[in-house]
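Working notes, beginning with the structure itself.
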Amino acid sequence: MDFIRSVALVNTENLKKNVENVYKFSNKKIFAVVKADAYGHDAEIVSKALSSLDFIEGFCVATAYEGYLLRNFGIEKSIIVLGGILKQELELFNQCSLIPVISDFFHLEVAENLKFKKIHIKFDTGMRRLGFYGSDIEKLKEKIKGFEIEGILSHLPSADTDPEYTKNQIEDFKRILKKIDINPKYIHIQNSAGVVYDCPFCNTIRLGIAMYGEKPTQNYPIDLYPVMTVLSKVISVKNIKKGDKISYCGTFTADRDMKVAVVSFGYADGLPRALSNKGYVLINGKYCKILGNVTMDMTIVDVSDLDVVNVGDDVVIVGKSKDKEIKFSDIANLSGTIAYEIMCGISKRVVREEVK
Ligand SMILES: *Cc1c(COP(=O)(O)O)cnc(C)c1O
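Letter by letter, the sequence shown follows residues 689 to 1044 of the numbering used here.
Listed below in structure tokens is the structure:
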């Protein structure tokens, strides 16, 4: 694969260490969240690396099709589909033994036709996205009689930003569990940011971002290691003159003579165009500022301060170069978004490769 210009190296040893650290901290088994191609890390690489760990209880995906893909990769553990169940997906659910999260009476109607009547039921305790309300319980109890309720769950929208809101949700969830009076195998509300909250009646965690090495909060108490490194190549090095304008729309004008490198990585690879004149990459252990607008396939960076830079040199988009590092959260902060969006935005052109 030497001919590939841009690669995303996925370090599955670090991935496993991260999951293990969360498991040790929480003492709860884990549903690994591998939706959106494992947050851009390649669902096949990630799910295969994790499937044999005994503290991995199963996997969560967003849609039936994502579950179908996991089965095709040979994953045998439980697969929970977070995004509900639609009529058109029934065959996939049955064929692949997928377990739907039921959040709506319409889901329940569709689920009547499941071969295995195993479901998780979701309650909305504050997200206002998916889930029943506590006030639905009486009606719900009637309608779920023919099902095996394997799990009951809720979701925490602000575990990273609002502890009071989160604690109230956990209390609300506790009241709902008492009211519904079912004893499912799994009770889960905690996500990555949620594991730091006390929730003794929950026995599993749905783990996403922390497993991929990004701390959901600055003072997150669990050690995490970076999982994805994104690399590209220098494809041209040239000198420009004071007063020259760089890239589309000429948004950067050189205030001195400069040396620049053209990097084979643009917004079509997942480098946000919002990083134009703001972001940086690493070449030979040095930060190099992005000059002018990021283009679809290429980005121009300042290498005036580098003694040596050649066509074919490695460029670190995310990851380490000598003692310097660029994290997904750095790119996210500079471009006004969150690490999740940058991770799952690394595009298909960037070839994923497992490193152990
Ligand atoms: C994506 C998702 C998670 C994982 O959240 P992280 O913050 O990445 O740990 C958990 N639960 C639900 C319902 C999700 O959609």
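No residue lacks a Cβ here, since even glycine has one placed at the ideal position from N, Cα and C.
Owing to the predicted nature of the structure, the values given are computational and were not obtained by experimental measurement.
Could you tell me how far apart the beta carbons of E1013 and T700 are, in whole angstroms, since I believe they sit closer than 8 Å?
-> Translated into the one-based positions of the sequence shown, residue 1013 becomes position 325. Translated into the one-based positions of the sequence shown, residue 700 becomes position 12. About 20 Å separates the two Cβ atoms, so there is no contact after all.
Given that a residue counts as buried once 16 or more other Cβ atoms are within 10 Å of its Cβ, and exposed if not, what is S740?
-> The count along the sequence shown starts at 1 and reaches residue 740 at position 52. Looking at its Cβ environment, which holds fewer than 16 other Cβ atoms inside 10 Å, S740 is exposed.
Could you spell out where the beta strand (DSSP E) holding G755 opens and where it closes?
-> Taking the first residue of the sequence shown as position 1, residue 755 is located at position 67. Per DSSP, G755 lies in no beta strand (DSSP E); the unbroken alpha helix (DSSP H) holding it starts and ends at 752-760.
Any heavy atom of ligand 1 closer than 7 Å to the Cβ of P904?
-> What you label residue 904 is simply residue 216 of the sequence shown in a count that begins at 1. Relative to the non-hydrogen atoms of ligand 1, the Cβ of P904 comes within a distance shorter than 7 Å of at least one.
D1011: buried (16+ other C-beta within 10 angstroms of its C-beta) or exposed?
-> As a working note, residue 1011 is residue 323 in the sequence shown. Counting Cβ neighbours within 10 Å, D1011 comes out exposed, since fewer than 16 surround it.
Indicate, with yes or no, if ligand 1 has a heavy atom lying under 7 Å from the CB of N760.
-> Looking up residue 760 in the sequence shown gives position 72. Ligand 1 never approaches N760 closely enough for any of its heavy atoms to be under 7 Å from the residue's Cβ.
With distances taken from CA atoms, which of A881, F794, K867, D860 is nearest I825?
-> Position 137 of the sequence shown, counted from the start, is the residue given in the question as residue 825. The option with the nearest alpha carbon to I825 is K867.
Please report the Cβ distance between F953 and V999, rounded to the nearest whole angstrom; I am assuming they are in contact, meaning their Cβ atoms lie under 8 Å.
-> The count along the sequence shown starts at 1 and reaches residue 953 at position 265. The count along the sequence shown starts at 1 and reaches residue 999 at position 311. So it is not a contact: roughly 15 Å between Cβ atoms.
Alpha-carbon to alpha-carbon, K929 and M899 | The count along the sequence shown starts at 1 and reaches residue 899 at position 211. The count along the sequence shown starts at 1 and reaches residue 929 at position 241. When rounded, the distance between both Cα atoms is 46 Å.
According to the neighbour-count rule (16 or more other Cβ atoms, all chains shown, within 10 Å of its Cβ), is E852 buried or exposed?
-> By 1-based counting over the sequence shown, the position of residue 852 is 164. Residue environment: E852 is assigned as exposed (fewer than 16 neighbouring CB atoms within 10 Å of its CB, all protein chains considered).
What do you reckon, are the CB atoms on L959 and I1005 nearer than 8 Å?
-> Your numbering for residue 959 matches position 271 in the sequence shown. Your numbering for residue 1005 matches position 317 in the sequence shown. At a Cβ-Cβ threshold of 8 Å, L959 and I1005 count as neighbours.
Are there three or more Cβ pairs, one per stretch, closer than 8 Å when the segment 704-722 is compared with the segment 929-938?
-> Short answer: they don't touch.
Report yes if the C-beta of S785 is less than 7 Å from at least one heavy atom of ligand 1; otherwise report no.
-> Along the sequence shown, one-based indexing puts residue 785 at 97. Flag unset: Cβ of S785 not near ligand 1.
So, are the CB atoms of I767 and H795 less than 8 Å apart?
-> Numbered from its first residue, the sequence shown carries residue 767 at position 79. Numbered from its first residue, the sequence shown carries residue 795 at position 107. Between I767 and H795, the gap from beta carbon to beta carbon reaches 8 Å or more.
Any heavy atom of ligand 1 nearer than 5 Å to the CB - residues listed | Qualifying residues, in the order they occur: V721, L770, H843, N879, S880, R894, G896, I897.
Could you check which residue in M916, D886, T849 has the C-alpha nearest to that of N907?
-> Locating residue 907 in the sequence shown gives position 219, counting from the first residue. Distance check between N907 and each of M916, D886, T849 places T849 closest, using alpha-carbon atoms only.
Do the segment 870-885 and the segment 902-916 make contact, defined as three or more Cβ pairs closer than 8 Å?
-> With a cut-off of 8 Å on Cβ pairs, the segment 870-885 is in contact with the segment 902-916, counting three or more such pairs.
Around the Cβ of M984, are there at least 16 other Cβ atoms within 10 angstroms (buried) or fewer (exposed)?
-> Counting from 1 along the sequence shown, the entry for residue 984 is found at position 296. By the neighbour-count rule (16 or more Cβ atoms within 10 Å), M984 is not buried but exposed.
Would you report the Cα separation of E800 and L778, rounded to the nearest angstrom?
-> As a first step, residue 800 is located in the sequence shown; it is residue number 112 there, counting from the start. As a first step, residue 778 is located in the sequence shown; it is residue number 90 there, counting from the start. Cα to Cα, E800 sits roughly 10 Å from L778.
Would you kindly work out how many angstroms separate the C-alpha atoms of V918 and G1007, rounded to a whole number?
-> Numbered from 1 along the sequence shown, position 230 holds the residue referred to as residue 918. Numbered from 1 along the sequence shown, position 319 holds the residue referred to as residue 1007. So the alpha carbons of these two residues sit roughly 7 Å apart.
To which residues does DSSP link G746 through a beta bridge?
-> Position 58 of the sequence shown holds residue 746. Note: G746 sits in a beta bridge opposite F719, S766.
My guess is that F793 and K831 are in contact by the Cβ rule of under 8 Å, so how many angstroms apart are they, rounded?
-> Position 105 of the sequence shown, counting from 1, holds the residue named residue 793. Position 143 of the sequence shown, counting from 1, holds the residue named residue 831. The Cβ separation is near 7 Å, so the contact holds.
Y727 beta carbon less than 8 Å from that of Y1028 | Translated into the one-based positions of the sequence shown, residue 1028 becomes position 340. Translated into the one-based positions of the sequence shown, residue 727 becomes position 39. With contacts defined as CB atoms closer than 8 Å, Y1028 and Y727 qualify as a contacting pair.
What is the DSSP secondary structure of P914, counted as helix, strand or coil?
-> On the sequence shown, residue 914 is found 226 positions in, with the first residue counted as 1. The answer is coil: DSSP assigns P914 none of H, G, I, E or B.
Got a sec, what are the start and stop residues for the beta strand (DSSP E) D990 sits in?
-> Counting from 1 along the sequence shown, the entry for residue 990 is found at position 302. D990 -> beta strand (DSSP E) spans 987-990.
Residue environment, G746, which counts as buried when at least 16 other CB atoms sit within 10 Å = For the purposes of this step, residue 746 is taken as residue 58 along the sequence shown, with counting starting at 1. With 16 or more other Cβ atoms from the protein chains shown falling within 10 Å of its own Cβ, G746 counts as buried.
Residue nearest to M916 in terms of C-alpha spacing, selected from Y711, A731, V922 | Counting from one through the sequence shown, the residue named residue 916 turns up at place 228. Closest by alpha carbon: A731.
Go through its chain and collect everything with a Cβ distance to Y756's Cβ below 7 Å, but skip five positions before and after it.
-> Start at 1 with the first residue of the sequence shown, and residue 756 comes out as number 68. Excluding five sequence positions before and after Y756, the CB atoms of its chain that fall closer than 7 Å to its own CB belong to L780, C784, given in chain order.
Got a sec, what are the start and stop residues for the alpha helix (DSSP H) K1044 sits in?
-> Your numbering for residue 1044 matches position 356 in the sequence shown. Counting along the chain, K1044 falls outside any alpha helix (DSSP H), and DSSP gives it neither H nor E.
Can you tell me the Cα-Cα spacing of N702 and E902, whole angstroms?
-> In the sequence shown, residue 702 corresponds to position 14, counting from 1. In the sequence shown, residue 902 corresponds to position 214, counting from 1. Taking the CA atoms as reference points, N702 sits about 12 Å from E902.
Between I875 and the rest of its own chain, which residues show a CB-CB distance below 8 Å, the 5 nearest in sequence each way excluded?
-> What you label residue 875 is simply residue 187 of the sequence shown in a count that begins at 1. Answer for I875: G839, I840, L841, L865, F889, C890, N891, T892, listed in chain order.
Are there 16 or more other CB atoms within 10 angstroms of the CB of I870, so buried, or fewer, so exposed?
-> Residue mapping note: residue 870 aligns to position 182 of the sequence shown, counting from 1. I870 should be labelled exposed.
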